[in-house]
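First up is the structure itself, then whatever we jot down about it.
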Amino acid sequence: MPLNKAGKPHCVNHENIAMISDKDTINVLTTATVRDDDISFDASKGALVKVFACPVCGYIELYWDKELSRRVLERRKQAPKVAEPASAVADPAHKAAEAM
Ligand SMILES: [Zn+2]
5 MPLNKAGKPH CVNHENIAMI SDKDTINVLT TATVRDDDIS FDASKGALVK VFACPVCGYI
65 ELYWDKELSR RVLERRKQAP KVAEPASAVA DPAHKAAEAM
């Protein structure tokens, strides 16, 4: 990230323009799986990122929010496992019927 003399991120196209970032929002890059020319997004996986934008030209830089990601992962390790809903539990009789 290019920083100006004040240590603030600046646009690569406008060295004197400070980039803006909304500190009250969390941005996420989700993962996607491509199969047979079709794509599906998995919003439960991805990277937490900070977005910096130039208010003049719209240039954007993304940076992984390492500290927030670390805290979320730590919290997930401590949280009790959530039981799967009954409908998601495999029904052996139903599976046998599908196999026929
Ligand atoms: Zn710019």
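Oh and the sequence shown: position 25 is 29 in our numbering, straight run, nothing missing.
Ideal placement from N, C-alpha and C gives every residue a C-beta, glycine not left out.
Comparing alpha-carbon positions, which option in the options lies nearest residue i?
i     : options                       : result
Thr29 : Met23, Lys81, Val55 and Arg79 : Val55
Lys49 : Val32, Glu19 and Cys61        : Val32
Cys61 : Lys12, Val16 and Arg75        : Val16
Leaving out five residues before and five after residue i in sequence, what residues of the same chain have Cβ atoms less than 8 angstroms from its Cβ?
i     : result
Asp46 : Thr34, Thr35, Ala36 and Thr37
Ile64 : Val55, Phe56, Ala57 and Cys58
Asn8  : His14, Glu19, Asn20 and Ala22
If I measure Cβ to Cβ from residue i and keep anything under 6 angstroms in the same chain, skipping five residues before and after, which residues do I get?
i     : result
Ile24 : Ala57 and Pro59
Ser73 : Leu52
Q | Residues whose Cβ lies closer than 5 angstroms to any heavy atom of ligand 1, in chain order | A | Cys15, Asn17, His18, Cys58, Val60, Cys61 and Tyr63
Q: Ignoring anything shorter than 3 residues or poking outside the segment 32 to 61, list the beta strand (DSSP E) runs there in chain order.
A: DSSP assignment within the segment 32 to 61 yields the following whole beta strand (DSSP E) runs of 3 residues or more, N-terminal first: 42 to 57.
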